[in-house]
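**Student:** The numbers in the sequence shown follow our numbering, run straight up by one, and end at 326.
Where is the CB? At the ideal position from N, CA and C, for every residue including glycine.
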Amino acid sequence: MVSLQTVQQANLGIGSLPAGLVALFMGATSGIGQSALQHFAQHASSPRIYSVARPSAVGSHEAFLASLRDSNPSGTYNLIEADVSLISEIDRIVAGIKENETKIDILFMSAGFMAFEGRRDTREGLDPSMTTRYYSRLRLVQQLVPLLNKAPSPRVVSVLGGGLEGPLNERDLDLRDPKNWSFWNSSIHSGTMGTLTLERIARANPHLSIIHWFPGTVATPGLARANKFGMSPPNPTSADEAGQRALFLATNDRYSVQGGLVPVPIGLSPVPKSGGGIFLVDPAGEGANNERLLAGLRSRGVDETVWRFTEGVFASTQGGKPKDEL
Ligand SMILES: NC(=O)c1ccc[n+]([C@@H]2O[C@H](COP(=O)([O-])OP(=O)(O)OC[C@H]3O[C@@H](n4cnc5c(N)ncnc54)[C@H](OP(=O)(O)O)[C@@H]3O)[C@@H](O)[C@H]2O)c1
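1. Does the separation of the CB atoms of R254 and L268 fall below 8 Å?
2. Taking C-beta to C-beta, are L37 and S56 nearer than 8 Å?
3. Just grab the DSSP bridge partners of P213 for me.
4. Where DSSP assigns a beta bridge to A219, which residues make up the other side?
5. Determine the direct distance from the alpha carbon of R133 to that of G191, and round the result to whole angstroms.
6. Counting only the same chain and skipping the five closest in sequence on each side, list residues whose C-beta sits under 6 Å from that of E199.
7. Should the stretch 8-15 be called in touch with the stretch 33-49, which here means at least 3 C-beta pairs below 8 Å?
8. What whole-angstrom Cβ distance do G31 and P221 have, given they're in contact under 8 Å?
9. Could you give the first and the last residue of the continuous beta strand (DSSP E) run that contains E81?
10. According to DSSP, simplified to helix, strand and coil, what is N100?
11. Taking A202 as part of the beta strand (DSSP E), name the residues at either end of that continuous run.
12. Helix, strand or coil for N306? Go by DSSP, reduced to three states.
13. Considering only residues of the same chain and omitting the five flanking positions on each side of G287, which have a CB-CB separation below 6 Å?
14. Suppose you measure from the CA of R300 to the CA of G15; what does that come to, to the nearest Å?
15. How many Å lie between R331 and I90 at the Cα?
16. Which residues in the same chain have their Cβ closer than 8 Å to the Cβ of K321, if we skip the five residues on either side of it in sequence?
17. Mind the definition here: the stretch 58-74 touches the stretch 207-217 only if three or more C-beta pairs lie below 8 Å; say whether that holds.
18. If you reduce the DSSP assignment to three classes, tell me which class P322 lands in.
19. Do you know offhand how far L138's Cα is from G230's?
20. Determine the burial state of S60: buried for a count of at least 16 other Cβ atoms within 10 Å of its Cβ, exposed for fewer.
21. Looking at the structure shown, is L37 part of a helix, part of a strand, or coil, going by DSSP?
22. Among V159, T29 and D127, whose alpha-carbon lies nearest the alpha-carbon of S186?
23. So, with DSSP's three-state summary, where would you put N11?
24. Taking the alpha-carbon positions, what's the D177 to S3 distance?
25. Assign V84 to one of three DSSP states: helix, strand, or coil.
26. By DSSP, does S30 sit in helix, in strand, or in coil?
27. Over what stretch of residues does the beta strand (DSSP E) that includes F108 continue unbroken?
28. According to the Cβ coordinates, are V94 and Q34 closer than 8 Å?
29. Are S274 and L297 close, meaning C-beta to C-beta below 8 Å?
30. Use the C-beta contact count for V7: other C-beta atoms within 10 angstroms, 16 or more gives buried, fewer gives exposed.
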């Protein structure tokens with residue numbers, strides 16, 4: 001377990017990193033992402049921050065970014081209005097960033113929700129709980145790989161269920177058949193398909209560090225919603241602590257293929273990668289091992305099946321041919 005004190009001490013080192021780190025947050029209008037963004041803005045020197053908000057959250061997020069601007073006027077804070085429950089919005093986000101930036105240092109993704117109310121497809125014909133937690137995240141990483149590869153020590157953090165991957169319904173990856181869909185199955189599919197495809201991106205881009213984190217139970221608006229549907233796991237971590245821990249994952253060399261950001265704290269050793277090449281991390285900040293399941297999926301080529309399926313989904317939502325930016 002990495003103590004919160006160690007995390008806080010290490011995060012102070014972010015202030016010594018080169019000025020002008022570029023970071024994109026998707027899901028920072030509340031909860032873990034918002035806290036991670038707040039702590040990043042506090043510590044970083046002249047950061048260039050982009051944060052995505054859907055229309056209903058634009059007003060409150062503008063006010064939040066204004067408060068960050070007050071506390072660290074050296075930074076730039078850009079709100080991108082987009083509803084990431086639609087994959088087609090991702091390319092618009094990426095196009096806007098490419099107009100202004102030549103590199104991305106940190107991509108932080110924590111958008112998503114559990115669909116306790118049942119499956120209500122978007123106009124793209126997809127379950128929005130899977131889109132926010134899987135399809136849009138993967139599309140964003142895939143499209144930003146060229147900019148990530150231009151940063152000296154690029155890092156991707158996906159907050160969901162690293163280490164908790166489970167068996168997939170391989171004949172119905174999108175859980176289209178109502179008999180196959182449940183809010184739990186869509187969560188397992190999002191996390192497992194996320195790990196398998198992020199691993200593929202990591203293997204094709206050895207310079208890129210990718211972390212898939214399971215944050216444990218965290219007291220956020222998302223958890224408050226779960227409480228209303230009878231899910232009340234005990235002893236949640238505060239969103240503030242989870243945000244600091246998330247920032248540690250995003251900036252500490254403990255979770256890195258090559259170092260170059262904040263050095264590993266004395267007394268801790270680097271976390272090993274999964275067999276597929278990413279960092280699966282548990283709530284305490286330690287490496288999670290789910291190789292028994294993941295190695296079996298990889299050896300049967302399920303990772304490739306998931307990749308091809310996802311490419312097909314992207315093609316259908318972009319109205320064009322699959323575009324592989326690896
Ligand atoms: N909290 C936990 O205990 C816990 C445990 C394990 C995994 N997770 C996962 O970790 C991630 C972050 O969790 P959190 O607790 O910080 O969540 P949160 O406070 O509910 O924040 C989720 C973010 O996702 C966005 N979002 C939610 N529903 C959306 C939709 N339909 N369309 C577009 N954007 C949507 C939210 O935007 P708005 O502000 O506009 O709603 C917000 O930016 C989530 O994927 C969650 O499933 C959380």
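**Tutor:** To lay it out plainly:
1. Stepping through the sequence shown from its first residue, residue 254 is reached at position 254. Stepping through the sequence shown from its first residue, residue 268 is reached at position 268. Cβ distance < 8 Å, so R254 and L268 count as in contact.
2. Taking the first residue of the sequence shown as 1, we reach residue 37 at position 37. Taking the first residue of the sequence shown as 1, we reach residue 56 at position 56. No, these two residues do not count as a Cβ contact at 8 Å.
3. As a position in the sequence shown, residue 213 is number 213, starting the count at 1. In the sequence as displayed, the identity of residue 213 is Trp instead of Pro. For W213, which the question treats as bridged, DSSP gives the partners V159 and V281.
4. Counting from one through the sequence shown, the residue named residue 219 turns up at place 219. Paired residues: S238.
5. Counting from one through the sequence shown, the residue named residue 191 turns up at place 191. Counting from one through the sequence shown, the residue named residue 133 turns up at place 133. In a straight line, the C-alpha of G191 is about 8 Å away from that of R133.
6. Along the sequence shown, read from residue 1 onward, the residue named residue 199 stands at position 199. Excluding residues within five positions, the ones whose Cβ falls inside 6 Å are G276, G277 and I278.
7. yes
8. By 1-based counting over the sequence shown, the position of residue 31 is 31. By 1-based counting over the sequence shown, the position of residue 221 is 221. Contact flag correct, Cβ pair sits at about 6 Å.
9. As a working mapping, residue 81 is identified with position 81 in the sequence shown. Unbroken beta strand (DSSP E) run through E81: T76 to E81.
10. Numbered from 1 along the sequence shown, position 100 holds the residue referred to as residue 100. Helix at N100.
11. For the purposes of this step, residue 202 is identified with residue 202 of the sequence shown, where counting begins at 1. Here A202 belongs to no beta strand (DSSP E); instead the alpha helix (DSSP H) covers F183 to A204.
12. Against the sequence shown, residue 306 aligns to sequence position 306. Checking the sequence, you will find Val at residue 306 rather than Asn. Correct three-state label for V306: helix.
13. Against the sequence shown, residue 287 aligns to sequence position 287. The residues are V271 and P272.
14. The sequence position of residue 300 within the sequence shown is 300, counting from 1. The sequence position of residue 15 within the sequence shown is 15, counting from 1. Rounded to the nearest angstrom, the gap between the Cα atoms of R300 and G15 is 45 Å.
15. Here the chain has residues from 1 to 326 only, and residue 331 is not among them.
16. The residue given as residue 321 occupies position 321 in the sequence shown. Confidence is the limiting factor: at K321 the pLDDT is only 43, short of 50, which leaves the residue's position unreliable, though a coordinate-based value still follows. Correct list, in chain order: A315.
17. no
18. For the purposes of this step, residue 322 is taken as the residue at position 322 of the sequence shown. The predicted position of P322 is uncertain, since its pLDDT is 43 and thus under 50; a value taken from the coordinates is nonetheless stated next. Note: P322 maps to coil in three-state DSSP.
19. Numbered from 1 along the sequence shown, position 138 holds the residue referred to as residue 138. Numbered from 1 along the sequence shown, position 230 holds the residue referred to as residue 230. So the two alpha carbons sit approximately 30 Å from each other.
20. Residue 60 sits at position 60 when you count from the first residue of the sequence shown. Exposed: under 16 other Cβ atoms inside 10 Å.
21. Translated into positions along the sequence shown, residue 37 becomes position 37. The answer is helix: DSSP assigns L37 an H, G or I state.
22. Counting from 1 along the sequence shown, the entry for residue 186 is found at position 186. Ranking V159, T29 and D127 by Cα distance to S186 puts D127 first.
23. As a working note, residue 11 is residue 11 in the sequence shown. In this structure, N11 counts as helix in the three-state DSSP scheme.
24. As a working note, residue 177 is residue 177 in the sequence shown. As a working note, residue 3 is residue 3 in the sequence shown. Computed Cα separation, rounded: 44 Å.
25. In the sequence shown, residue 84 corresponds to position 84, counting from 1. The answer is coil: DSSP assigns V84 none of H, G, I, E or B.
26. Translated into the one-based positions of the sequence shown, residue 30 becomes position 30. Residue state, collapsed to three classes: coil.
27. Within the sequence shown, the letter at position 108 stands for residue 108. I106 to M109 is the extent of the beta strand (DSSP E) around F108.
28. Working through the sequence shown from its first residue, we reach residue 94 at position 94. Working through the sequence shown from its first residue, we reach residue 34 at position 34. No, these two residues do not count as a Cβ contact at 8 Å.
29. Your numbering for residue 274 matches position 274 in the sequence shown. Your numbering for residue 297 matches position 297 in the sequence shown. For S274 and L297, no; Cβs fall outside 8 Å.
30. Working through the sequence shown from its first residue, we reach residue 7 at position 7. Counting other Cβ atoms within 10 Å of its Cβ, V7 reaches 16 or more and is therefore classed as buried.
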